[in-house]
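Counting in the working numbering, the sequence shown runs from 3 upward without gaps. Step one of this worksheet: look at the structure below.
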Amino acid sequence: MFGFLKQVGDYTRDAVDAARNLTQGLAVTFDHMKRRPVTVQYPYEKLIPSERYRGRIHYEFDKCIACEVCVRVCPINLPVVDWVMNKETKKKELRNYSIDFGVCIFCGNCVEYCPTNCLSMTEEYELAAFDRHSLNFDNVALGRLPTSVTTDPAVQPLRELAYLPAGEVHPHGVDPARPRAGQRPDQVLASLKSDAAGTTANEGESATSTNNSKESAE
3 MFGFLKQVGD
13 YTRDAVDAAR
23 NLTQGLAVTF
33 DHMKRRPVTV
43 QYPYEKLIPS
53 ERYRGRIHYE
63 FDKCIACEVC
73 VRVCPINLPV
83 VDWVMNKETK
93 KKELRNYSID
103 FGVCIFCGNC
113 VEYCPTNCLS
123 MTEEYELAAF
133 DRHSLNFDNV
143 ALGRLPTSVT
153 TDPAVQPLRE
163 LAYLPAGEVH
173 PHGVDPARPR
183 AGQRPDQVLA
193 SLKSDAAGTT
203 ANEGESATST
213 NNSKESAE
């Protein structure tokens, strides 16, 4: 008897969970049905990538010290660092540096762990080619300045949905001066620093007031 009731309870709980999950999914679907379709006329119109977008890697040859940290932290050991040891100076001399973007997964580990900041992620994402061997960029190709959507006079830049002002869904016709709904990473970092400074100042004031009260009591 108790086993049968337990089975009925489990079945009822599973049915309620399934109905709740189905309702949540349909709520998202119905919310998107109210939105207008957005068509980007590529390549005449392009969306502005986010600040943390991981596009083509930019490389500065003069800053590289051939430490091969990027090779060790890469999940697939992708960067190729060609260097020779100078017997007179007893230092490494870099000859060539290359990354095959046909294999790269754009994880950003090489950029994060580079000790000299010679690597950086850009917003360039147009890397299509007819020959996969042309995706193997050497130090000259990696040193090329990245393209920017906002500086190209032949392209109309459009903001993505996450960077539109509050209440806006369509990116066309939005005033560029209007602030977006969320904050940029630098604004979030500045607000966190200001909050931490305010908390420290409040703690200092409370400690000072406590010491003054103790002195007056004595």
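C-beta: ideal position from N, C-alpha, C; glycine also. Computed from a predicted structure; not experimentally measured.
Looking at the secondary structure, which residues open and close the alpha helix (DSSP H) in which residue i lies?
i           : result
residue 34  : 4-35
residue 74  : 71-75
residue 142 : 141-144
residue 114 : 111-115
With residue i and residue j assumed to form a contact (beta carbons below 8 Å), what rounded beta-carbon distance in angstroms separates them?
i           : j           : result
residue 102 : residue 121 : The pair is not a contact, with the Cβ atoms about 15 Å apart (cut-off 8 Å).
residue 171 : residue 22  : Going by Cβ atoms, the distance from residue 171 to residue 22 rounds to 27 Å, so no, they are not a contact pair.
residue 54  : residue 129 : About 18 Å; that fails the 8 Å criterion.
Is the beta carbon of residue i less than 7 Å from the beta carbon of residue j?
i           : j           : result
residue 74  : residue 84  : no
residue 56  : residue 110 : yes
residue 47  : residue 163 : no
residue 66  : residue 112 : no
residue 141 : residue 63  : yes
residue 68  : residue 92  : no
residue 114 : residue 51  : no
residue 60  : residue 117 : no
Starting from the Cα of residue i, find the closest Cα among the options and give me that residue.
i           : options            : result
residue 99  : 193, 86, 48, 92    : 86
residue 123 : 144, 170, 175, 187 : 144
residue 182 : 70, 166, 26        : 166
residue 155 : 45, 18, 26         : 45
residue 82  : 15, 105, 88, 90    : 105
residue 107 : 77, 19, 150        : 77
residue 175 : 158, 200, 18       : 158
residue 70  : 168, 119, 128      : 119
residue 150 : 16, 188, 201, 49   : 49
Taking only three categories from DSSP, how would you classify residue i?
i           : result
residue 191 : helix
residue 172 : coil
residue 80  : coil
residue 165 : helix
residue 137 : helix
residue 48  : strand
residue 196 : helix
Taking the continuous beta strand (DSSP E) assigned at residue i, which residues delimit it?
i           : result
residue 93  : 93-102
residue 61  : 59-61
residue 159 : 158-160
residue 122 : 121-123
Just checking residue i against the ligand NAP - is the residue's beta carbon closer than 6 Å to any of the ligand's heavy atoms?
i           : result
residue 154 : Summarising the ligand content, the structure contains no ligands, and the ligand NAP is consequently not present.
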